[in-house]
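Same order as they appear, the protein sequences are chains Y and S. If you want our numbering, it's the 1-based position in the first sequence plus 9. If you want our numbering, it's the 1-based position in the second sequence plus 22. Glycine is no exception: its CB is placed at the ideal position from the N, C-alpha and C atoms. The structure presented is a predicted model; accordingly, all values stated were derived computationally and were not measured.
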Amino acid sequence: METKTLFDKIWDAHVVSSVENGPDVLYIDRHLIHEVTSPQAFAGLRERDLPVFRPGKIIATADHNIPTENQHLPIRDKLSKQQVDKLIENCREHNIILYGLNHPFNGIIHVIGPELGITQPGRTIVCGDSHTSTHGAFGCIAFGIGTSEVEMVMASQCVLQPKPKKMRISIEGLLKNGVSSKDVILYIISKISAGGATGYFIEYAGSAIRNMSMEGRMTICNMSIEMGARGGMIAPDKTTFEYLKGRKFAPKGEDLNKSLNRWKTLYSDENARFDKELYFKAEDIEPMITYGTNPGMGMKITDQIPNIEDIEENNRESFKKSMEYMNFSPGSSLINHPIDYVFVGSCTNGRIEDLRVFTSFVKGKQKSKNVTAWIVPGSKQVEKQAKAEGLDAILHKAGFELRQPGCSACLAMNEDKVPEGKYSVSTSNRNFEGRQGPGARTLLAGPLVAAASAVTGKITDPSSFGSDTPSGLKPLGG
Amino acid sequence: MPIAKFNILESTCVPLPAENIDTDQIIPARFLKATSREGFGENLFRDWRFDKRGNPYPDFILNNPDYSGHILIGGKNFGSGSSREHAAWAIYDYGFKVVISSFFADIFKNNALNTGLLPVQVTKSFLKTLLITIGKNPGTIVKIDLPNQEISLTASGIKENFEISSYKKDCLINGYDDIDYLINMKDKIIDYEKNRLFWKNELSLL
Ligand code: SF4
Chain Y
10 METKTLFDKI
20 WDAHVVSSVE
30 NGPDVLYIDR
40 HLIHEVTSPQ
50 AFAGLRERDL
60 PVFRPGKIIA
70 TADHNIPTEN
80 QHLPIRDKLS
90 KQQVDKLIEN
100 CREHNIILYG
110 LNHPFNGIIH
120 VIGPELGITQ
130 PGRTIVCGDS
140 HTSTHGAFGC
150 IAFGIGTSEV
160 EMVMASQCVL
170 QPKPKKMRIS
180 IEGLLKNGVS
190 SKDVILYIIS
200 KISAGGATGY
210 FIEYAGSAIR
220 NMSMEGRMTI
230 CNMSIEMGAR
240 GGMIAPDKTT
250 FEYLKGRKFA
260 PKGEDLNKSL
270 NRWKTLYSDE
280 NARFDKELYF
290 KAEDIEPMIT
300 YGTNPGMGMK
310 ITDQIPNIED
320 IEENNRESFK
330 KSMEYMNFSP
340 GSSLINHPID
350 YVFVGSCTNG
360 RIEDLRVFTS
370 FVKGKQKSKN
380 VTAWIVPGSK
390 QVEKQAKAEG
400 LDAILHKAGF
410 ELRQPGCSAC
420 LAMNEDKVPE
430 GKYSVSTSNR
440 NFEGRQGPGA
450 RTLLAGPLVA
460 AASAVTGKIT
470 DPSSFGSDTP
480 SGLKPLGG
Chain S
23 MPIAKFNILE
33 STCVPLPAEN
43 IDTDQIIPAR
53 FLKATSREGF
63 GENLFRDWRF
73 DKRGNPYPDF
83 ILNNPDYSGH
93 ILIGGKNFGS
103 GSSREHAAWA
113 IYDYGFKVVI
123 SSFFADIFKN
133 NALNTGLLPV
143 QVTKSFLKTL
153 LITIGKNPGT
163 IVKIDLPNQE
173 ISLTASGIKE
183 NFEISSYKKD
193 CLINGYDDID
203 YLINMKDKII
213 DYEKNRLFWK
223 NELSLL
């Protein structure tokens, strides 16, 4: 019998036809859209006088441009407002569900898809946004597309895609105390580099992945794109099914049984062939931080930045440039380096579990005076949950404020910008030059490193506070 | 949007050999607030090109009058990062028709092709030769022959073939885009929808 990978099973079931010597015509089950990458696609349809083919398979949100304070007031930035208004207008015209600003389901597109149960195993999901890879945590094929492709999907519910190669990354064993899924993915990217998975679609496997919550799995899949992969996915299991149960758009009753039967067939067959396989040991992974200007430039937080001689010759120029930008010296340690900002949020680490981890660490401690902190929930529902668990009050006591949801300082399209030359420990996914504002210096890390650093005002290894590092899996309670 | 036709191009080049040039450098996020496709070229490589006051950095290659042309040469892993097609639009709007690199990020490659900007992937050694030659003589003419999938240095005749899917090649030569193709497939798509096991769960969200 033919053996198939999880990826093959889903991909093959969605091929409508194949272009000779070209891409496949891939049917898309769910299309997510936001205000930044959709307006030109709607305009394109209008120019061609085409309707949206299957409006009922689209979900829209406003997330990139929105303020994270006073969301009840009109958006101040004229261009941001224009873009958000355009989305409202387009969705109204084409009868598309929009969870816009102030809607109880509003939030970052990759946070709301899963929490509303739109993201389901076996589906194909696209969005004009590279971190669409996040949804792969549920055992679906999810990837980012450009605006022309957004237009394509609107026009035909299909996209033309060459089938990528397949890679499996297995992580076996138990993670050390205080090591989060963010550390796992930063570790993997540091090993295979920012372009190391280009051309591949990744399946993550192994006991360390199996033991992760859905939130943890989403953090892993989210950053697949940071090593160049087309996307990342994890076979669905009991954890996945439990998470989905009862969610707004999740199947119910007899539908649920049918779905479960199908979902349970979604795994890579034994002996299925991958184009590349990589193995990592969970116990080798420690809290991580990045020191450079791409997500592959990461290290254990207690390590030293590499020396120039350690860098491959043709990477030396960009390494030097990156050191200049960050104002770091090769060979030095980052521990105790002063910081100015802490950003907790984004589609990587803006879910309830992340807020719990951060809050349980800072509980009873105080924010350092020299640090400005932005604690930004990934969605309205996350915000609501955090408040219901009393996290906002604990944060407030420790000198932090919970803001309103949005992409915020992850890409700084709204007011939340890190000023030039300032250092920010951020739980987001990109440390590119200027990503968090012109001249901003970003250090990517997990929520626990962010918490420890926010309290000391310096880059801090959370384990230096002792062994009671929280796991964050359980609600804190008042 | 229908794309411009591409056949053969002969042009001087602008070399920008940095590795991992990401989409946030090509077009910073703060310039993504437009609702049309025009005008992004103005802010191409904005923070490398201009200081905070908008004064050009004289050292940056786009500000160097010795270099111009319709071909941009980048280093390895060009276009990594976000899926913003605005990056391809900005390069195209600025006046480039071709980007050469030894390695492109996937989404960028798709976006470029959908914009009518041709990504030409060359070997590391060809890239090196190209950069050395152009470094010595900014007037070096490079020929991109899409029908024959060939890139050559006109003066020395050094050449190499490049890959492109025959479908995408046809699209560029004829100025078709994927939407034209998909629209013509509507019946097949509707058949597919009918034949797949769509139980209630898979139907419309509305
Ligand atoms: S949080 Fe950041 S990475 Fe995620 S969708 Fe928003 S801008 Fe993109």
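Checklist entry - Does any CB atom of chain S fall closer than 8 angstroms to the CB of glycine 155 of chain Y? => result yes
Checklist entry - Which stretch, first to last residue, makes up the alpha helix (DSSP H) that contains leucine 149 of chain S? => result 146 to 158
Checklist entry - Which residues in chain Y sit within 8 angstroms of glycine 63 of chain S, going by Cβ to Cβ distance? => result Correct list: empty, because the minimum Cβ distance to chain Y is about 15 angstroms.
Next on the checklist: Just to confirm before moving on: does the CB-CB distance between serine 189 of chain Y and leucine 453 of chain Y stay below 8 angstroms?
Outcome noted: no
Item to check | Entirely enclosed beta strand (DSSP E) segments - the segment 103 to 191 of chain S, minimum 3 residues | outcome: 120 to 123, 140 to 143, 164 to 167, 172 to 175, 181 to 183
Checklist entry - In the DSSP assignment, what residue or residues form a beta bridge with methionine 308 of chain Y? => result Y/Ile298
Next on the checklist: Quick check on arginine 52 of chain S: does DSSP put it in helix, strand or coil?
Outcome noted: helix
Item to check | histidine 144 of chain Y - DSSP class collapsed to helix/strand/coil | outcome: helix
Checklist entry - Is any beta-carbon of chain S found at less than 8 angstroms from that of phenylalanine 16 of chain Y? => result no
Checklist entry - Hey, would you say the C-beta of serine 355 of chain Y is under 7 angstroms away from at least one heavy atom of the ligand SF4? => result yes
Checklist entry - Looking at the structure shown, is glycine 486 of chain Y part of a helix, part of a strand, or coil, going by DSSP? => result Caution is warranted here: a pLDDT of 42 is assigned to glycine 486 of chain Y, below 50, making its placement in the model unreliable, and the coordinate value is therefore given only provisionally. The answer is coil: DSSP assigns glycine 486 of chain Y none of H, G, I, E or B.
Checklist entry - Taking 8 angstroms as the CB-CB cut-off, is aspartate 58 of chain Y touching chain S? => result no
Next on the checklist: My output table needs one value for lysine 8 of chain Y: the three-state DSSP class, helix, strand or coil.
Outcome noted: The displayed coordinates of chain Y run from 10 to 487. Any statement about residue 8 of chain Y would go beyond what the structure contains.
Checklist entry - Of all Cβ atoms in chain S, is any one closer than 8 angstroms to the Cβ of lysine 95 of chain Y? => result yes
Checklist entry - Under 8 angstroms between C-beta atoms, does serine 89 of chain Y make it to chain S? => result yes
Next on the checklist: Quick check: what's the CA-CA separation for serine 33 of chain S versus threonine 57 of chain S?
Outcome noted: 32 angstroms
Next on the checklist: Below 8 angstroms on the Cβ atoms is my contact criterion, and I expect valine 159 of chain Y with alanine 50 of chain Y to pass it. Report the Cβ-Cβ distance as a whole number of Å.
Outcome noted: 4 angstroms
Checklist entry - Skipping 5 residues on each side, what residues in its chain have a beta carbon closer than 7 angstroms to that of tyrosine 114 of chain S? => result Thr137, Gly138, Leu139
Next on the checklist: Quick check on serine 279 of chain Y: does DSSP put it in helix, strand or coil?
Outcome noted: The displayed chain sequence assigns glutamate, not serine, to residue 279 of chain Y. Glutamate 279 of chain Y: coil per DSSP, three-state reduction.
Checklist entry - Within 8 angstroms (strictly less), CB to CB, does glycine 103 of chain S reach chain Y? => result yes
Item to check | cysteine 136 of chain Y: CB within 7 angstroms of a non-hydrogen atom of the ligand ADP | outcome: Although the ligand ADP was asked about, the structure shown includes only the ligand SF4 as ligands.
Checklist entry - Hey, does alanine 418 of chain Y have any beta-carbon neighbour from chain S nearer than 8 angstroms? => result no
Next on the checklist: Excluding the 5 residues flanking alanine 259 of chain Y on each side, which residues of the same chain have their C-beta closer than 6 angstroms to its C-beta?
Outcome noted: Gly126, Leu253
Checklist entry - If contact means a Cβ-Cβ distance below 9 angstroms, which residues of the segment 142 to 159 of chain S contact chain Y? => result Lys146
Checklist entry - Considering histidine 40 of chain Y, what are the terminal residues of the beta strand (DSSP E) in which it resides? => result 39 to 43
Item to check | Touching by the beta-carbon criterion (3+ pairs, under 8 angstroms), the segment 324 to 335 of chain Y and the segment 352 to 359 of chain Y | outcome: no
Item to check | Bounding residues of the alpha helix (DSSP H) (the contiguous stretch that carries leucine 343 of chain Y) | outcome: From DSSP, leucine 343 of chain Y is part of no alpha helix (DSSP H); its letter is neither H nor E.
Checklist entry - the ligand SF4 heavy atoms versus the CB of histidine 144 of chain Y: any closer than 7 angstroms? => result no
Checklist entry - If we call anything under 8 angstroms between Cβ atoms a contact, is serine 142 of chain Y one with glycine 241 of chain Y? => result yes
Checklist entry - Can you find at least 3 beta carbon pairs, one from the segment 465 to 472 of chain Y and one from the segment 290 to 306 of chain Y, that sit closer than 8 angstroms? => result yes
Checklist entry - What separation, rounded to the nearest whole angstrom, lies between the Cα atoms of glycine 109 of chain Y and glycine 301 of chain Y? => result 35 angstroms
Checklist entry - How about serine 374 of chain Y and valine 434 of chain Y: do their beta carbons lie closer than 8 angstroms? => result First, the amino acid is wrong: residue 374 of chain Y is lysine here, not serine. No, they are not a contact pair.
Checklist entry - So does threonine 72 of chain Y have its beta carbon nearer than 7 angstroms to some heavy atom of the ligand SF4? => result The identity of residue 72 of chain Y in the sequence shown is aspartate, whereas the question assumes threonine. Yes, the Cβ of aspartate 72 of chain Y comes within 7 angstroms of a heavy atom of the ligand SF4.
Checklist entry - What residues of chain Y sit near threonine 162 of chain S, judged by a beta carbon separation below 7 angstroms? => result Within chain Y, no residue comes near threonine 162 of chain S; the closest Cβ sits about 22 angstroms away, beyond 7 angstroms.
Next on the checklist: Give me the chain Y residues within the contact set of serine 174 of chain S, using Cβ-Cβ distance strictly less than 8 angstroms, ordered along the chain.
Outcome noted: By Cβ distance, chain Y contributes nothing, its closest Cβ being about 24 angstroms from serine 174 of chain S, past 8 angstroms.
Next on the checklist: Contact between the segment 66 to 78 of chain S and the segment 119 to 131 of chain S is defined here as three or more beta-carbon pairs at a separation below 8 angstroms; is this criterion met?
Outcome noted: no
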